[in-house]
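First comes the structure, then the notes that go with it.
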Amino acid sequence: MALYAIGDLHLSLGCDKPMDVFGGRWLDYVAKLREGFERLTDEDTTVLCGDISWGMSLEEAREDFLFIDRLPGRKIVLKGNHDYWWTTASGAYKFFEANGIKTIEILNNNCHLYGDIALCGTRGWFYEAERGTEHDKKIMLREIGRLEASLKAAGGREKLCFLHYPPKFMNYECPEILELLEKYGVRECYYGHIHGKGCFSAFNGVKNSVSFRLVSADYVNFSPILVRD
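If you count by my numbering, then the sequence shown holds residues 5 to 233, one letter each, in order.
Written out as structure tokens, the structure reads:
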């Protein structure tokens, strides 16, 4: 039984928005994802750090979720900025049940357990007071609340955090999220969202005793990275 993480699958099996158009690493990425999951077993757990599907609704994302469901192991998904299919956790679970999808769980205002370890997280957001809008501020405040709800749900367990947006990127930092991670004793945080040349500027390192790691699919060669074995 092992724990893995990967973000930004950007699947488009039920709509016409394949990432192959970007060329490079994205060419034939669906086959690469299938191959990348081959080393996993049905006893393993993978956290998918947002931007799961380009589908604009659950129905449009149906083929993407069926693809994910067929991959080995348990999958825990959180929201990314392009997950327009996202409605409510209850709505997603009803959809999964109706379509025979049994291996996908939603991470939103809650935590999931991997043994005695709590898997916590939320989407996150980019917001800078001097340049952001009131709309961005409201979104960020909601995301901070969701992250704290997730961390609180974990109680006294060891906590791992999974985000879509990085709380630190180049000269940008989100102090509220960084402070929450430190307050609740999180020692590892995995995130996505960053692609292409931006990966060279992504923060992979330790900040305030928290280790950060980028797990966007194109950055990790479409193969989930091992978090715990």
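Yeah, the Cβ is synthetic: ideal placement off N, Cα and C, and Gly gets one too.
Here's a check: name, in chain order, each residue in its chain whose Cβ is nearer than 8 Å to the Cβ of residue i, leaving out the five neighbours to either side.
i: K172; result: C178, L182, F207, K211 and F216
i: L44; result: A6, Y8, T50, L75, P76, G77 and P228
i: E180; result: M144 and I148
i: H199; result: D12, S220, D222 and Y223
i: E186; result: N212, S213 and V214
Where do the ends of the alpha helix (DSSP H) carrying residue i lie?
i: I242; result: There is no way to answer for residue 242, as the model of the chain reaches only from 5 to 233.
According to DSSP, is residue i helix, strand or coil?
i: C53; result: strand
i: R78; result: strand
i: C193; result: strand
i: F71; result: helix
i: G40; result: helix
i: Y33; result: helix
i: R232; result: strand
i: L182; result: helix
i: F26; result: helix
i: K211; result: strand
i: K201; result: helix
i: K187; result: helix
Between which residues of its own chain and residue i is the CB-CB distance below 6 Å, once the five residues before and five after are set aside?
i: R150; result: N113 and T126
i: S205; result: M174
i: E162; result: I121
i: K36; result: F226
i: F69; result: I105
i: P170; result: Y195
i: L167; result: G125, G128 and Y195
i: A96; result: I110
i: T107; result: D73, R78 and K79
Hey, could you find the ends of the beta strand (DSSP E) residue i is sitting in?
i: A96; result: Here A96 belongs to no beta strand (DSSP E); instead the alpha helix (DSSP H) covers A93 to A102.
i: C165; result: E162 to L167
i: A122; result: I121 to T126
i: S61; result: No beta strand (DSSP E) holds S61; DSSP gives it neither H nor E.
i: L218; result: V214 to L218
Can you give me the Cβ contacts of residue i inside the same chain, cut-off strictly under 7 Å, excluding the 5 residues immediately before and after it?
i: A6; result: D48, L230, R232 and D233
i: A65; result: G18, S57, G59 and W89
i: C115; result: A122, L123, C124, S154, A157 and A158
i: L31; result: D24
i: D46; result: P76 and G77
i: F71; result: L15 and L17
i: E152; result: L184
Report the partner residues of residue i according to the DSSP bridge assignment.
i: F173; result: Y176 and A206
i: K106; result: BP columns for K106 are empty, so no partner.
i: A9; result: V51 and I229
i: C19; result: None; C19 has no bridge partner.
i: Y118; result: I121
i: F130; result: Paired residues: none, contrary to the question.
Are at least three pairs of beta-carbons, each pair with one atom in the region 79-95 and one in the region 45-63, less than 8 Å apart?
-> The region 79-95 vs the region 45-63: in contact.
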